[in-house]
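Please read the structure below before turning to the comments.
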Amino acid sequence: MTGSGYSRNIFNKSLVVTISNQLKAVFSNFDCDNFIDNASSFSKDSGLKARCNIIADALVEFLPNDYSFSAKIIKSTFEPVKNNQNNWENFLFMPYAVYVEKKGCKKEYLEISFNLLKEITKRFTSEFSIRTFLINFPVETLDVFHKWVHDENPNVRRLVSESSRPKLPWANEIQLFKKNPYPCIELLQVLKNDDSKYVQKSVANHMNDISKSNPDIALNVLSRWSKENKPNINWIIKHALRNELKKGNKRALTLMKYSLSPKIILTNFKLNKTSLKIGDSLTFSFMVTNVGENDEKLMIDYICYYVRLKNKISPKIFNLKSIVLQKQQSITIKKEHFFKTLSTRKLYPGNHKISLRVNCKLFGENPFVLTLK
Numbered sequence: 007m008t009g010s011g012y013s014r015n016i017f018n019k020s021l022v023v024t025i026s027n028q029l030k031a032v033f034s035n036f037d038c039d040n041f042i043d044n045a046s047s048f049s050k051d052s053g054l055k056a057r058c059n060i061i062a063d064a065l066v067e068f069l070p071n072d073y074s075f076s077a078k079i080i081k082s083t084f085e086p087v088k089n090n091q092n093n094w095e096n097f098l099f100m101p102y103a104v105y106v107e108k109k110g111c112k113k114e115y116l117e118i119s120f121n122l123l124k125e126i127t128k129r130f131t132s133e134f135s136i137r138t139f140l141i142n143f144p145v146e147t148l149d150v151f152h153k154w155v156h157d158e159n160p161n162v163r164r165l166v167s168e169s170s171r172p173k174l175p176w177a178n179e180i181q182l183f184k185k186n187p188y189p190c191i192e193l194l195q196v197l198k199n200d201d202s203k204y205v206q207k208s209v210a211n212h213m214n215d216i217s218k219s220n221p222d223i224a225l226n227v228l229s230r231w232s233k234e235n236k237p238n239i240n241w242i243i244k245h246a247l248r249n250e251l252k253k254g255n256k257r258a259l260t261l262m263k264y265s266l267s268p269k270i271i272l273t274n275f276k277l278n279k280t281s282l283k284i285g286d287s288l289t290f291s292f293m294v295t296n297v298g299e300n301d302e303k304l305m306i307d308y309i310c311y312y313v314r315l316k317n318k319i320s321p322k323i324f325n326l327k328s329i330v331l332q333k334q335q336s337i338t339i340k341k342e343h344f345f346k347t348l349s350t351r352k353l354y355p356g357n358h359k360i361s362l363r364v365n366c367k368l369f370g371e372n373p374f375v376l377t378l379k
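According to the working numbering, the sequence shown is numbered sequentially starting from 7.
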């Protein structure tokens, strides 16, 4: 689960009541009233993760203290898996995963916990909760992962790659794998040939994470993989290298068969205006011509140089197009860029500019002024 676009209101009293009723149906002694009061005690300002933790804490309090017995109760509420498609809307399972993390991350409970997290993953995901096991019991968890890479359910196979990512969004970094990614690479070596695009995407994201802390290791691995020359692996390599390509890593460019000195010229680079207000858009266009005698594989980007506080300049790279331009061929590219304030980017008035970049080589720039109104 790599995003934060879900509303905190997913965890509401209605969902708590549903959990309570399901538990009561398989365990008659379950204290529904007190569980509901405690599990729904979050405020309207409580975030999604905070609400989930409150529900999980209530599960710890009101389920039997015997963890093995409680795990059986929880599992008894699960309906059979109808297909291998993960239901991302079924957040009801998330508090159960956190419950396992809180109650079951102990040596004597590992087998029970792994089995329950696996069942949760078939229906939702436990990629965050199982990271606690990777941190506290790395050997035991990795041993289980070596079995799960061959599981028939793609959600379980994806869990192996996704949960062990050193920089999984929404989660704390796993320092052990930042320093030494090889235990995870062993798993990815198997998963890179997975038939599921869902799994392949996770492998690519995992390798992209590795490239941020260990670019040489990532490039060495991806270089070896490239020799297999399979469509699925080539797709993984392309997406795994997106950060290194953006940074202009020469090894990454060469691996993706981008020329470091493309025989091209850029002409007619124009802006439709030189002054605009915050909230407006700016349209620019230019022509790229291959003047060489061979086809050129081109990665075309543009860089917007934003003004920040105290007139500091902050460049941001945007991908435009990846194409193969035949010899003596020209192409005109047009792009509209919006200057809207975002939660992740505040805009400031001042002198800005846009420059063009092909295969990480700069080709000209045009200035413009951004005003408040």
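For every residue, glycine included, the Cβ atom is placed at its ideal position computed from N, Cα and C.
Exercise. Using alpha carbons as the reference points, say which of GLU158, SER361, ASP215 lies closest to LEU326.
Key: SER361
Quiz item: Roughly how many angstroms lie between the CA atoms of PHE17 and PRO101, to the nearest whole one?
Solution: 10 Å
Quiz item: Buried or exposed: LYS112, going by 16 or more other Cβ atoms within 10 Å of its Cβ?
Solution: exposed
Self-check item: Nearest residue (CA-CA) to LYS244, options PRO187, ILE61, LYS276, MET305
Solution: MET305
Quiz item: In whole angstroms, what separates the C-alpha of ARG164 from that of PHE344?
Solution: 36 Å
Practice problem: Select from LYS78, SER13, ASN255 the residue whose C-alpha is nearest the C-alpha of LEU54. | Solution: SER13
Quiz item: What are the partner residues of TYR312, as DSSP defines its beta bridges?
Solution: SER320
Exercise. Please say whether HIS212 and ARG248 have beta carbons closer to each other than 8 Å?
Key: no
Quiz item: Can TRP241 and GLN195 be called in contact, C-beta distance under 8 Å?
Solution: no
Self-check item: DSSP three-state assignment for THR350, whether helix, strand or coil
Solution: Coil, per DSSP.
Exercise. Within the same chain, show all residues whose beta-carbon is closer than 7 Å to that of ILE126, passing over the 5 residues directly before and after it, in chain order.
Key: PHE99, TYR102, ALA103, SER132
Quiz item: Within the chosen definition, does the region 57 to 75 reach the region 26 to 44 through at least 3 CB pairs nearer than 8 Å?
Solution: yes
Self-check item: Among ILE284, VAL106, PHE139, nearest to HIS358 - alpha-carbon criterion
Solution: ILE284
Quiz prompt | Endpoints, beta strand (DSSP E) assigned at VAL22 | solution = Secondary structure note for VAL22: it is in no beta strand (DSSP E), and the uninterrupted alpha helix (DSSP H) holding it is 19 to 32.
Practice problem: May I ask you to list the residues that DSSP assigns as paired with ASN325? | Solution: Paired residue(s): ASP307.
Quiz item: Helix, strand or coil for LEU378 per DSSP?
Solution: In the structure shown, LEU378 sits in coil (DSSP, three-state: anything other than H, G, I, E or B).
Quiz item: According to DSSP, is ILE284 helix, strand or coil?
Solution: coil
Quiz item: How is LEU259 classed by DSSP in three states: helix, strand or coil?
Solution: helix
Practice problem: Since I believe LEU225 is in contact with ALA258 (beta carbons under 8 Å), could you give me their beta-carbon distance rounded to a whole number of angstroms? | Solution: 6 Å
Quiz prompt | CA-to-CA distance, LYS124 to ILE79, given in whole angstroms | solution = Answer to the nearest angstrom: the Cα atoms are 16 Å apart.
Practice problem: Return helix, strand or coil for SER10, following the three-state DSSP convention. | Solution: Residue placement at SER10 cannot be trusted, given a pLDDT of 45 that sits under 50; the coordinates are not used to answer.
Quiz item: Leaving out five residues before and five after PHE36 in sequence, what residues of the same chain have Cβ atoms less than 6 Å from its Cβ?
Solution: For PHE36, the CB contacts under 6 Å within the same chain, skipping 5 residues up- and downstream, are LEU29, LYS30 in chain order.
Practice problem: Measure the Cβ-Cβ separation of LYS256 and SER219 and say whether it is below 8 Å. | Solution: no
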